[in-house]
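Okay, so here's the structure we're looking at.
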Amino acid sequence: MLEGAVMEYAKWFIGVVSVMLISVAVIFMFRLNEVNSFQQDVNYQIERHGGLTEEAKIVLNEKAKKLYGGCIVESLEDNAPCLFAADRADDSVKSSGFFIREYRTEGGQDVYYDRGDEQARYGTTIQYVLTRQIGNINGKSFFKPSVIGMSASRVRGDASE
């Protein structure tokens, strides 16, 4: 009789742990899918603003705060501060974990490039890396998926480069 009770408890334990693991996996996949959604927004803003300009970063930061619950971070370090000083000063703004930088290939090396307000000419290829911190244990993120994207400027007119 006692063996049956132990077996019953073991079945319940295995069932509850299985449901919890499946729930964690579903939530994890949801967060991972948000990287692809945000990448579409990044492509659109790069095309519209002629690169990852300051104006494009402001629009992307507002979208991240609205849709993903936090600001864009300024570096890949764990618990990095928000990209913009106004968000760092506001304690109610949390980090979304998104990090985005434009890069160029110079001399066979990929180097980060800060475009500032300079717009790229129409049709210029723009490469970027988008990373999101997912999961946090004791202040350290344990998974940082990255997406390397490529887009092109659709700005016509007096753009440089």
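With my numbering, you'll find the sequence shown wraps up at 827, consecutive numbering, no jumps.
Cβ coordinates follow ideal geometry from the N, Cα and C atoms, glycine included.
Predicted model only: the values in this text are computed from it and were never measured.
Taken atom to atom, the span from the alpha-carbon of G782 to that of L796 is near 18 Å. Excluding residues up to 5 positions away in sequence, R798, Q799 lie with their Cβ nearer than 6 Å to the Cβ of G763 in the same chain. For the pair R787 and I680, the Cα-to-Cα distance works out to about 59 Å.
Residue environment: T719 is assigned as buried (16 or more neighbouring CB atoms within 10 Å of its CB, all protein chains considered). The shortest CA-to-CA distance from C748 to any of I792, L726, L698 is the one to L726. The three-state reading of DSSP puts F704 in helix, counting H, G and I together. For the alpha helix (DSSP H) assignment, the uninterrupted runs of no fewer than 4 residues enclosed by the segment 702 to 789 are, from N- to C-terminal side, 720 to 734, 751 to 755. Checking the DSSP bridge columns, you'll see A818 partnered with T791. Taking 8 Å as the cut-off, the Cβ atoms of Q785 and V739 do not count as close. Shortest Cα-Cα distance from N702 to any of Y734, L687, G789, E669 involves Y734.
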